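In the numbering used here, the protein residues as written are -19 to 452.
Don't be surprised by glycine CBs; every beta carbon is placed ideally from N, CA and C.
These numbers come from a predicted model, not from an experiment.
The block underneath contains the structure these notes are about, expressed in structure tokens.
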């Protein structure tokens, strides 16, 4: 990301902008950077959440789990887990919870996505649209689409169908990975995160469904890397379109990696601002991390790399880790911080009340579904196999679970660290960690006046219709 400096007065609440701003409420971001325009935030999140999982994994799961009947558990998980957790992570948690993402410094910056980010976010859509149009014009396209949409109702009794739908939602929405929290922290306080949440979630799911039409219209049920190249071979100038297709696949993965590295660097810079904001230390650290990851990734392209890839995919990327992270996130907001208090903070941010269904999801529905899915995955657990011929030894499964629990172990370790550094009795230390910042709007109203919204003016009840008026 490029930065554009904006002059500020260190001892004053007023800010002097060097150029007319396109994004409102700049003073709210006095301690960190902020997005220059809404489009930059939307395109960056698009690049993070739309990847190969939409183009390849979703159509494959539809074929595997009974065609159109897979939409039923998918949509259920989407509205009970995907959208509420997506909204939760993009709603600027750092401004609500008792934590500070960065220390104050004299100037604020405007974040600008480079032209490459716009290209990598939009080019895959153009290529996918071309493949869809070409596929629909081929003979037999209707048969493939019927197979794609025809529901096999009997598959709903298979618990694996529900497990696949849940894990697909968590993966495709990038929930629990930290991407959305980091990107959302650069929004202004009054940004309408509720509207952004619905637009981005619908765009993500629509991309998955359209990709299914593009695949099944060509050869019906088949693998993406067989179907797409064969469709490309039937087009004029097949060599050119082959380059476009594989470029699309690379860019889909590369765009997600951009955001993943930015998420990591944002966390490190916020933890050690005085050290990493000096000179080129941030860039040098980023170079070291990328080089290390590249060297580690070379192990996956060796002769036995497929066995290692399968081990990591089964244990680390199976969805179990994301389910537990999302469960902890829902419990911390719904029960520790308080869903009603968080709901009022969101109301103060966006200027109207979101749908109350979100509160019930954070408190009851989402934790219950996440925990139930996790228990089912444990009950149905089977030893890892490769191509149904090679059974991984016990030490390999232990290694896989050890790698998977590394990220989860940070949660209890950090809780113990914060409690150990607190003051007072054990109960007082826990309570102090659950208190919002003193300068938060509506803090006193949320704590002492349940059921009131405070002094934020007239609150709109319609969640989406007045989004444009608020920024005026």
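Assumed close pair residue i, residue j - CB separation to whole angstroms, cut-off 8 angstroms
| i | j | result |
| --- | --- | --- |
| residue 254 | residue 34 | Not quite, the Cβ-Cβ distance comes to about 40 angstroms (not below 8 angstroms), so this is no contact. |
| residue 156 | residue 305 | 4 angstroms |
| residue 394 | residue 143 | Wrong, their Cβ atoms sit about 29 angstroms apart, outside the cutoff. |
| residue 112 | residue 186 | Residue 112 to residue 186, Cβ: 12 angstroms. No contact. |
| residue 350 | residue 303 | 5 angstroms |
| residue 231 | residue 103 | 6 angstroms |
| residue 381 | residue 295 | 6 angstroms |
| residue 285 | residue 31 | Wrong, their Cβ atoms sit about 21 angstroms apart, outside the cutoff. |
| residue 301 | residue 364 | The pair is not a contact, with the Cβ atoms about 16 angstroms apart (cut-off 8 angstroms). |
| residue 310 | residue 339 | 11 angstroms between Cβ atoms; not a contact. |
| residue 27 | residue 236 | 7 angstroms |
| residue 22 | residue 176 | 7 angstroms |
| residue 136 | residue 342 | About 27 angstroms; that fails the 8 angstroms criterion. |
| residue 39 | residue 174 | Incorrect: roughly 30 angstroms between the Cβ atoms, too far for contact. |
| residue 153 | residue 66 | 5 angstroms |
Cβ-based burial, residue i [other Cβ within 10 Å; buried from 16]
| i | result |
| --- | --- |
| residue 458 | Given a span of -19 to 452 for the chain in the structure shown, any question on residue 458 remains unanswerable. |
| residue 223 | exposed |
| residue 483 | This structure cannot settle anything about residue 483, because the visible part of the chain is limited to -19 through 452. |
| residue 217 | exposed |
| residue 455 | Because the chain in this structure spans residues -19 to 452, residue 455 falls outside the shown range and cannot be described. |
| residue 53 | buried |
| residue 331 | buried |
| residue 360 | exposed |
| residue 246 | buried |
| residue 146 | buried |
| residue 25 | buried |
| residue 188 | buried |
| residue 106 | exposed |
| residue 282 | exposed |
| residue 326 | buried |
| residue 386 | exposed |
| residue 459 | The question about residue 459 has no answer here: the residues shown for the chain are numbered -19 through 452. |
| residue 115 | buried |
| residue 347 | buried |
Residue i in three-state terms, based on DSSP
| i | result |
| --- | --- |
| residue 397 | helix |
| residue 271 | helix |
| residue 296 | coil |
| residue 334 | coil |
| residue 382 | helix |
| residue 257 | coil |
| residue 370 | strand |
| residue 131 | strand |
| residue 317 | helix |
| residue 14 | strand |
| residue 240 | helix |
| residue 447 | Note on residue 447: pLDDT 41, under 50, position unreliable in the model; no value is reported. |
| residue 47 | strand |
| residue 339 | helix |
| residue 167 | coil |
Closest residue to residue i among the options (Cα-Cα distance)
| i | options | result |
| --- | --- | --- |
| residue 396 | 410, 404, 385, 105 | 410 |
| residue 64 | 17, 180, 103 | 180 |
| residue 158 | 49, 29, 367 | 29 |
| residue 190 | 162, 402, 42 | 42 |
| residue 133 | 391, 48, 412 | 48 |
| residue 127 | 361, 45, 378 | 45 |
| residue 169 | 229, 400, 289, 14 | 14 |
| residue 125 | 196, 383, 360 | 196 |
| residue 362 | 38, 50, 267, 140 | 140 |
| residue 370 | 109, 288, 335, 167 | 288 |
| residue 291 | 383, 320, 36 | 383 |
| residue 55 | 368, 270, 149 | 149 |
| residue 390 | 308, 345, 352, 406 | 308 |
| residue 244 | 358, 229, 266 | 266 |
| residue 415 | 119, 250, 316 | 316 |
| residue 16 | 131, 160, 167 | 167 |
| residue 238 | 160, 386, 404, 279 | 160 |
| residue 453 | 368, 313, 192, 403 | Outside the displayed range of the chain (-19 to 452) lies residue 453, so it cannot be described from this structure. |
| residue 312 | 324, 344, 328 | 344 |
At least three beta-carbon pairs within less than 8 angstroms, the stretch 49 to 60 to the stretch 259 to 275: no
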